[in-house]
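What follows is a single structure, written as structure tokens, with notes after it.
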Amino acid sequence: MTKMEATRDGYGQALLELADNEKIVVLEADLGKSTKSLHFRKAHPERTVSCGIGEQNMLLVAAGMAASGYIPFASTFAIFTERAFEQMRNGVARPNLPVHLCGSHGGTHTGTDGSSAQSIEDLAIYRTLPNVTVIHPSDSVSTRVLTKQLAASSSPSYMRTARNKTPVLYDDVGEDIIQIGKGIELQNGSDVAIIACGVLVSEALKAADLLAIEGIHATVIDMHTIKPLDTKLIDVVSERCGSLVTAEDHSIIGGLGGAVAEHLSTTSGTPLERVGVNDRFGESGQAHEMLELMGLNAAHIALAAKKSISRK
Amino acid sequence: MTTADELREVARKCRVHIVDMVYRAQAGHPGGSLSEIDLLTALYKTQLNIRPSEPKWEDRDRFILSKGHASPGMYAILAEMGFISVEDLESYRVLGGICQGHVDMKWCPGVDFSAGSLGMGLSFGMGTAIAARLDGSDRQTYVMLGDGEIQEGSVWEAAMASAHHELGNLNVILDRNRIQNDDFCETQMRMFDIPAKWKAFGWNVMEIDGHSMESIVEGLEFLAQSNDGPSIIIAQTVKGKGISYMEDNPSFHGAAPNEEQYAQAMKELGVSA
Ligand SMILES: Cc1ncc(C[n+]2csc(CCOP(=O)(O)OP(=O)(O)O)c2C)c(N)n1
Ligand SMILES: [Mg+2]
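Written out as structure tokens, the structure is:
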């Protein structure tokens, strides 16, 4: 049986493990039980700042603390980080302060709360900000490892985690393969490369299995860091496979697919199919229903792969 | 006129709908639905000038559930009013259903605001109130806010602006149930003297008991009669009201009862098995 865990649990675990560093502080906006910062709050209440339901204030309090030598981790739902976008832009990114913003419950995968809670534009908007690292890990282990790496960075970041459980992919691999800015090649094939992030990485692996039945060999990449993008790896797999697919639980506009398309447009021009939310809002549904409705699951990724191959 | 006893009976039926919806979906927000439901019942039954058979009637009063997670409460009263059917309630949080997780004006008849992000409804209500004034219409706007919700700064931008524009047709009902998502408001963010804050922002303020129909009706009368500027009734409520184990319990902000708890809730609401 595949072990299942939610990436937000990896985040909560990392905060606890980071706590030995006295400069680590946690900020909450009444969603600590959900984002999983509550474990840190319970262990270190004196280093946890409750900001009430006030995300805009939270971001700038974090900025002030970062400017005073602290390493703030602030979290809320991905969607509600967005109302503090300008605070992130002008108050955090512009002065390049190491504030680490985590948005949990990202994507349509978050489920029955419905469209108001399903952030499908967060990766796109934060990616436009200079200095900001943008990360969307695929499993709880990589979330824990990447969160801990962020604490050592002197620049701000945005990380999206997911509400629901997904397969644990990095349980028995050396953690040193998980590095900010380095895509991870999970499977090596020469017909098509599927570049995925977040909850769709495990769907991409399933898609590769579906393709294998038809004799199509797919490379699968976990592109957990959207910015800075691992363009070296993209060049390598473009060269090897000659066709690409991106897969993300995010709008097809501006996220991982957008980033890869931008890179290809000035380099190889390798055929690319983008699997993502097709410029629409979500609705209430279970996680697996949403992936089907939005055209994001393994079957859709496999279809996109064949289309991309046909364009070679 | 609907009597207080009749109102209490409608509210009881709504409580049954609320628990049914959340139990069936095994998700959703019972606490804030149960705290608001006496207020919603009296508002819909005694005040709102609306037409269930014509939900988009232009000159209807507007009701904006800004704390949109408490949607089961709103769907329940919409069903009791005839905007939607009792069967529609089964679509709560179900793919394609009109009863979306958070109330949404694109999906459900009788819903005038797409909610889900806290702190947005009062600004929207200010917009519908100004529009009514420009139209020369007497229609009223009512906005329901949560007490955790008023921690959002945007609420106070709207509060200040509504008083500045002397919006006598704008009315707020505050569900003061003293609990938010993670914990009690007192732990998460103390708000000190809430009535004094609204008064200082230029609002007409009255405090009521949000579970006494007599007190609620008096409060709604106060809103109807205060026309010189925006007005608010601050309703003291109990989160989870009516279900013993949910009352005053932060765990039932956003959690569904299990089978045993469901049976107990139905018993407490006078539903025979
Ligand atoms: C902008 C925003 N931040 C956070 C949330 C997540 N959230 C949903 S309900 C809730 C608590 C609301 O408390 P309150 O307003 O008191 O509502 P009630 O007690 O009536 O349920 C929170 C933090 C949200 N929906 N919107
Ligand atoms: Mg409350």
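First to last, the protein sequences are chains A and B.
Just so you know, the working numbering puts 26 at position 26 of the first sequence, and the rest follows in order with no gaps.
Quick note, the working numbering runs 1000 ahead of the 1-based positions in the second sequence.
From the three backbone atoms N, C-alpha and C, an ideal C-beta is built for every residue, glycine too.
For residue j and residue i, the rounded distance between their alpha carbons
i	j	result
Gly258 of chain A	Leu1065 of chain B	36 Å
Asp222 of chain A	Val199 of chain A	10 Å
Thr108 of chain A	His300 of chain A	16 Å
Leu101 of chain A	Leu1220 of chain B	43 Å
Ile180 of chain A	Ala1200 of chain B	50 Å
Leu256 of chain A	Thr48 of chain A	32 Å
Val236 of chain A	Ser243 of chain A	12 Å
Val92 of chain A	Ser190 of chain A	42 Å
Pro45 of chain A	Glu1260 of chain B	35 Å
Pro1109 of chain B	Gly1127 of chain B	20 Å
Phe40 of chain A	Leu27 of chain A	10 Å
Leu1145 of chain B	Ala208 of chain A	49 Å
Glu1152 of chain B	Gly1073 of chain B	22 Å
Glu1268 of chain B	Gly32 of chain A	32 Å
Arg1008 of chain B	Pro130 of chain A	57 Å
Leu1087 of chain B	Val1238 of chain B	Checking the sequence, you will find Glu at residue 1087 of chain B rather than Leu. Distance between the alpha carbons of Glu1087 of chain B and Val1238 of chain B: 28 Å.
Thr1141 of chain B	Leu15 of chain A	45 Å
Ile1084 of chain B	Ile1243 of chain B	25 Å
Met159 of chain A	Asn90 of chain A	18 Å
Val1205 of chain B	Met1160 of chain B	14 Å
Ser1154 of chain B	Gly1119 of chain B	6 Å
Gly295 of chain A	Lys23 of chain A	43 Å
Ile135 of chain A	Thr128 of chain A	13 Å
Residues that residue i bridges to, as DSSP identifies them
i	result
His100 of chain A	A:Phe73, A:Ser157
Glu175 of chain A	Partner(s): none; Glu175 of chain A has no beta bridge.
Ala247 of chain A	A:Ala196, A:Val275
Gln13 of chain A	None, per the DSSP bridge assignment.
Arg240 of chain A	Beta-bridge pairing links Arg240 of chain A to no other residue.
Ser1272 of chain B	Paired residue(s): none; Ser1272 of chain B is not in a bridge.
Asp222 of chain A	A:Ile184, A:Ala196
Asn1177 of chain B	Looking at the DSSP assignment, Asn1177 of chain B forms no beta bridge with any residue, so it has no partner.
Ile1233 of chain B	B:Ile1173, B:Met1206
Arg1062 of chain B	B:Thr1141
Glu28 of chain A	A:Ser50, A:Ser75
Met4 of chain A	A:Pro167
Thr266 of chain A	Its beta-bridge partners do not exist; DSSP assigns none.
Interface residues of chain B facing residue i [CB-CB closer than 8 Å]
i	result
Ala117 of chain A	Gly1101, His1102, Gly1116
Lys33 of chain A	Asn1181, Asp1182
Leu293 of chain A	Leu1095
Glu289 of chain A	Leu1095
Cutoff 7 Å; reference residue i; Cβ partners in own chain excluding five residues on either side
i	result
Cys1185 of chain B	Asp1147, Gly1148, Arg1178, Ile1179, Met1191
Ile315 of chain A	The structure shown does not extend to residue 315 of chain A, since chain A is modelled only from 1 through 312, so no value can be given for it.
Lys312 of chain A	Gly242, Ser243, Pro271
Ala66 of chain A	Pro72, Leu97, Pro98, Val99
Ala298 of chain A	Glu203, Lys206, Ala207, Leu210
Leu293 of chain A	Gly285
9 Å Cβ cut-off: residues of chain B touching residue i
i	result
Asp9 of chain A	What Asp9 of chain A touches in chain B: nothing, since even the nearest Cβ is about 17 Å away.
Val80 of chain A	Reading the sequence as shown, one finds Phe at residue 80 of chain A and not Val. Here the neighbours are Ser1117, Leu1118.
8 Å Cβ shell around residue i - same chain, five flanking residues per side excluded
i	result
Val168 of chain A	Thr2, Lys3, Met4, Glu5, Asp139, Ser140, Val141
Asp279 of chain A	Ser251, Ile252, Ile253
Thr1046 of chain B	Met1001, Thr1002, Leu1007, Val1217, Leu1220
Asp1182 of chain B	Gln1188, Pro1250
Partners in chain B for residue i, counting only beta-carbon separations shorter than 7 Å
i	result
Gly285 of chain A	Leu1095
Neighbour list for residue i in chain A, Cβ cutoff strictly below 7 Å
i	result
Ala1027 of chain B	Thr112
Contacting residues, own chain, Cβ-Cβ under 6 Å from residue i (five flanking each side not counted)
i	result
Arg1051 of chain B	Trp1057
Val1143 of chain B	Ile1064, Ser1066, Gly1121, Leu1122, Gly1125, Val1172
Ala304 of chain A	Val245, Glu273, Val275
Met1081 of chain B	Tyr1044, Pro1052
Thr267 of chain A	none
Thr7 of chain A	Pro137, Ser140, Thr143, Thr161, Ala162
Glu1166 of chain B	Gly1229
Residue i beta carbon near ligand 4 (any heavy atom closer than 8 Å)
i	result
Arg83 of chain A	Ligands displayed in this structure: ligand 1 and ligand 2; ligand 4 is not among them.
Relative to chain B, which residues along the segment 40-59 of chain A have a C-beta separation below 7 Å, given in chain order?
Ser50, Gly52, Ile53, Gly54, Gln56, Asn57
At a CB distance below 9 Å, what residues from the segment 1152-1163 of chain B approach chain A? Give them in sequence order.
Glu1152, Gly1153, Ser1154
Residues of the segment 97-115 of chain A with a CB closer than 9 Å to any CB of chain B: list them in chain order, please.
Gly111, Thr112, Asp113, Gly114, Ser115
Residues of the segment 1119-1149 of chain B with Cβ closer than 8 Å to any Cβ of chain A, in chain order:
Gly1119, Gly1148, Glu1149
Give, in chain order, every residue of the segment 1052-1069 of chain B whose Cβ lies closer than 9 Å to some Cβ of chain A.
Gly1068, His1069
What residues in the segment 18-29 of chain A bring their beta carbon closer than 7 Å to a beta carbon of chain B?
none
For the segment 1186-1202 of chain B, which residues have a beta carbon sitting closer than 7 Å to at least one beta carbon of chain A?
Gln1188, Met1189
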